[in-house]
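Beneath this line is the structure, given in structure tokens, with notes to follow.
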Amino acid sequence: MVKHLWSALSLICVATLMAEAAINDKWHNLGDFGTIFVEEEQKYNWFEAWEECAMRNMTLIDIDTAEKNTIVDKVLRNPFEKCPNLWLGGNDLGLEGKFVWSSTGKRFEFSNWSKGQPDNYKSNEHCVHYYTITDFEWNDAPCTSKMGFICEENRFLREARRDLQIKKNFIDQLFAL
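The sequence shown runs -21 to -1, 1 to 156 under mature numbering (1 follows the signal peptide of the UniProt record, and there is no 0).
In structure tokens:
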């Protein structure tokens, strides 16, 4: 009886550790760019992906600088042998051909489009994603397509936390005198 109980407990511990490892594989720290969450297994349209990020108090990722693109690229190449289709935060839903980041409304100053993209194929491609047939480059796709997504920490909350930490450190130094 004790042997069976011990086996059952061992099995539960192993299953729990495996589930935790699978969850942690989705979270990645980008240093100064905060934390990202990568969901590749479950598939969502762009709007559903946006909601999934919002439920985590996050936003679809803005890859708005070459530096951030390089860091995200390195992080994604580790778990993924081949580039998966993953929604990003960019879209041109407001004005055709004028791509903006959904979290800020800012127009793209940096882009990593695949050759010939964006092409608005059949006048129906308005949302940006990592494209599986490219080397971690972007494509425009119908927003109703189902694929994984990448969320990032809400940049405004991240900056507010950073500012609070700076102020806290300053106050701590004052009281240490």
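Don't be surprised by glycine CBs; every beta carbon is placed ideally from N, CA and C.
Cross-strand partners of residue i (DSSP beta bridge)
{"i": "residue 86", "result": "79"}
{"i": "residue 43", "result": "BP columns for residue 43 are empty, so no partner."}
{"i": "residue 37", "result": "132"}
Contact under 8 Å by Cβ, residue i with residue j
{"i": "residue 90", "j": "residue 117", "result": "yes"}
{"i": "residue 42", "j": "residue 67", "result": "yes"}
{"i": "residue 62", "j": "residue 110", "result": "yes"}
{"i": "residue 9", "j": "residue 54", "result": "yes"}
Whole-Å CB distance - residue i paired with residue j, under 8 Å assumed
{"i": "residue 50", "j": "residue 12", "result": "6 Å"}
{"i": "residue 119", "j": "residue 98", "result": "7 Å"}
Backbone CA spacing between residue i and residue j [nearest angstrom]
{"i": "residue 135", "j": "residue 143", "result": "12 Å"}
{"i": "residue 94", "j": "residue 33", "result": "31 Å"}
{"i": "residue 92", "j": "residue 139", "result": "31 Å"}
{"i": "residue 157", "j": "residue 84", "result": "Residue 157 is absent from the model: the chain starts at -21 and stops at 156."}
{"i": "residue 105", "j": "residue 148", "result": "44 Å"}
{"i": "residue 40", "j": "residue 59", "result": "18 Å"}
{"i": "residue 107", "j": "residue 153", "result": "48 Å"}
{"i": "residue 16", "j": "residue 47", "result": "15 Å"}
{"i": "residue 35", "j": "residue 3", "result": "14 Å"}
{"i": "residue 137", "j": "residue 112", "result": "33 Å"}
{"i": "residue 121", "j": "residue 133", "result": "25 Å"}
{"i": "residue 18", "j": "residue 101", "result": "28 Å"}
{"i": "residue 56", "j": "residue 141", "result": "28 Å"}
{"i": "residue 125", "j": "residue 146", "result": "43 Å"}
{"i": "residue 165", "j": "residue 96", "result": "This structure cannot settle anything about residue 165, because the visible part of the chain is limited to -21 through 156."}
Burial state of residue i (16 or more Cβ within 10 Å)
{"i": "residue 31", "result": "buried"}
{"i": "residue 123", "result": "exposed"}
{"i": "residue 6", "result": "exposed"}
{"i": "residue 150", "result": "exposed"}
{"i": "residue 155", "result": "exposed"}
{"i": "residue -6", "result": "For residue -6, the predicted model reports a pLDDT of 34, less than 50, meaning its position is unreliable; a value from the coordinates is still stated below. When all chains shown are included, residue -6 counts as exposed."}
{"i": "residue 45", "result": "exposed"}
{"i": "residue 75", "result": "exposed"}
{"i": "residue 21", "result": "exposed"}
{"i": "residue 127", "result": "buried"}
{"i": "residue 73", "result": "exposed"}
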